[in-house]
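Note sheet for the following structure.
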Amino acid sequence: MTALNWDPNVLEPIFKELYALEMKNKKDFIPLLYNVTDSNKSMESYIGVGGEGLMEEWGHSNNQVYYEDVDQLWEKIIKNRKFSDGRIIERDFIDDLKLTEIKRRITSLADAVYKTQQLQAVEFLNNGFDATGPNWRSRTDSYLGPDGKPLFAADHPYSPINNTDVQSNLGNSPLTIDSWDETAVKMQEWVDDKGNIMAVIPDTLIVAPYNARAAFKIAGLPDADLPKYEPGSNNFDANMYMGNIKVVVNPFIHPSKRKNWYAVDSARLRQFNIWQWRRKVENGTMTDFDTESTKHKAIGRWAYGFTNYSFAFGHKVVD
Numbered sequence: 001m002t003a004l005n006w007d008p009n010v011l012e013p014i015f016k017e018l019y020a021l022e023m024k025n026k027k028d029f030i031p032l033l034y035n036v037t038d039s040n041k042s043m044e045s046y047i048g049v050g051g052e053g054l055m056e057e058w059g060h061s062n063n064q065v066y067y068e069d070v071d072q073l074w075e076k077i078i079k080n081r082k083f084s085d086g087r088i089i090e091r092d093f094i095d096d097l098k099l100t101e102i103k104r105r106i107t108s109l110a111d112a113v114y115k116t117q118q119l120q121a122v123e124f125l126n127n128g129f130d131a132t133g134p135n136w137r138s139r140t141d142s143y144l145g146p147d148g149k150p151l152f153a154a155d156h157p158y159s160p161i162n163n164t165d166v167q168s169n170l171g172n173s174p175l176t177i178d179s180w181d182e183t184a185v186k187m188q189e190w191v192d193d194k195g196n197i198m199a200v201i202p203d204t205l206i207v208a209p210y211n212a213r214a215a216f217k218i219a220g221l222p223d224a225d226l227p228k229y230e231p232g233s234n235n236f237d238a239n240m241y242m243g244n245i246k247v248v249v250n251p252f253i254h255p256s257k258r259k260n261w262y263a264v265d266s267a268r269l270r271q272f273n274i275w276q277w278r279r280k281v282e283n284g285t286m287t288d289f290d291t292e293s294t295k296h297k298a299i300g301r302w303a304y305g306f307t308n309y310s311f312a313f314g315h316k317v318v319d
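With full-length UniProt numbering as the guide, the letters of the sequence shown map in order to residues 1 to 319.
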C-alpha cells in the first residue's frame with residue numbers, strides 16, 4: 001500500500017485483493033439453501049415432472065416390460081438478472097495515502113455484495129407465506145410458485161389437471177419437539193400426482209437466531225457427546241431426532257419472521273430450489289480523466305427460485 005500511485009495497473013490488483021480478503025471468511029448460506037448451478041442463457045426453463053409410478057408384476061403386464069407415462073407438471077422460468085454496485089475513490093486519497101479510508105470503501109463494496117446475495121437467498125423464506133412481499137431492496141416482488149400458490153400453502157394442487165385434490169405444507173405451531181414430530185410425519189405422508197407416497201425425508205431445520213436454542217435442543221449439538229433425552233422430558237425419554245437433523249441458523253431471516261421455522265428435505269431442496277449463476281460477480285477498476293477519481297465496480301448476473309413446493313414445510317408463528 002505504501003507504493004500506491006495513480007495507475008490503474010497498480011490500483012486494480014490491490015483493490016481486488018482487498019475485496020477478496022474481505023469475502024474470504026464470510027459464511028455463504030446459499031449452498032445450504034439451494035441447488036447451485038450454472039446458466040448459459042438469459043433464462044432457464046424447468047419443466048415439472050410428476051410421480052414416476054410403481055413397478056408392475058411381469059404377469060400383469062402381459063409378460064413384457066410395463067411402460068408408464070410420467071405426467072408433466074408446471075413449468076417454471078427463472079430469468080437471470082444483472083446486479084451491480086461500486087465505489088469511487090478520489091485521486092487525493094491515493095496521493096495522500098489515506099489507506100484506512102481506501103480500504104474501508106473497497107471492503108464495504110465486498111460487504112454490500114455479500115449481504116445482497118444472502119438477503120436474496122432468504123427471500124423464499126421471508127416471503128414464503130405470501131403471494132407478494134419485499135425483496136432485498138424492500139421493493140415488492142411476486143413469490144408465487146409454479147402452481148400459483150405461495151411456497152407454503154394449505155392447498156397445493158396435485159397437478160395442473162387435478163386441482164381438486166390438494167395437500168398442505170403450511171403450519172402455525174411454535175418450534176418444539178412435538179411440533180417438529182407432527183410436521184415430519186405430515187411431510188412423510190405427502191403423495192405425488194398419482195397418489196403414491198413421495199418418500200419425503202425431513203432432515204434439516206432452518207431457523208432464525210431466535211429459534212436456535214430450541215432447534216439445537218431437538219437436533220443436538222454437532223459432534224457433542226450429550227445425553228439423548230427429549231427436551232423438557234421428566235421421564236428421560238429418548239430423543240430419536242438427536243444427531244439425525246441438521247440445523248441451519250440463518251441470521252439474514254428478517255427479524256419480523258424470527259419465530260417462523262422450516263422443516264426441509266435436503267435432497268429435494270437440492271432438486272427444487274434453484275440458484276443459477278449466469279455470471280459470477282466480477283470486480284474491476286477504471287480511472288476517470290476529468291474527475292480524477294478511480295471507480296471500482298462489482299457486477300454479476302444470476303437468478304433464484306423454486307420449481308416445486310415439496311422440499312419444505314413452513315410454520316408461520318404469530319406473536
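Quick reminder that beta carbons are idealized off the backbone N, C-alpha and C, glycines included.
- Spatial neighbours of K26 in its own chain (CB-CB distance under 6 Å, excluding positions within 5 residues in sequence) are listed in chain order as Y114.
- The three-state secondary structure of W190, taken from DSSP, is coil.
- Counting only runs of 3+ residues, the beta strand (DSSP E) found wholly inside the segment 69-117 occupies 72-79 and 81-90, in chain order.
- The shortest C-alpha to C-alpha distance from K24 to any of A110, I102, F15 and S84 is the one to A110.
- Take N196, set aside five residues on each side of it, and the residues of its chain with a beta-carbon closer than 6 Å to its own are G51, in chain order.
- Contact between the segment 249-265 and the segment 34-46 is absent: fewer than 3 CB-CB pairs across the two stretches fall below 8 Å.
- The C-alpha of N163 lies about 23 Å from the C-alpha of H315.
- In this structure, G300 sits near R279, with a CB-CB distance shorter than 8 Å.
- When the five nearest sequence neighbours on each side are left out, the beta carbons in the same chain lying within less than 7 Å of the beta carbon of N127 are those of G133 and Y143, in order along the chain.
- In the structure shown, A131 adopts coil according to DSSP, grouped into three states.
- Annotation: the continuous alpha helix (DSSP H) that includes A267 extends over S266 to F272.
- With a cutoff of 8 Å on beta-carbon distance, T204 and L11 are scored as not near each other.
- In the DSSP assignment, A303 falls within the unbroken beta strand (DSSP E) covering S293 to F306.
- Inclusion of K103 and N283 in the CB contact set at 8 Å is not warranted, their separation being larger than that value.
- A distance below 8 Å separates the beta carbons of K186 and F313.
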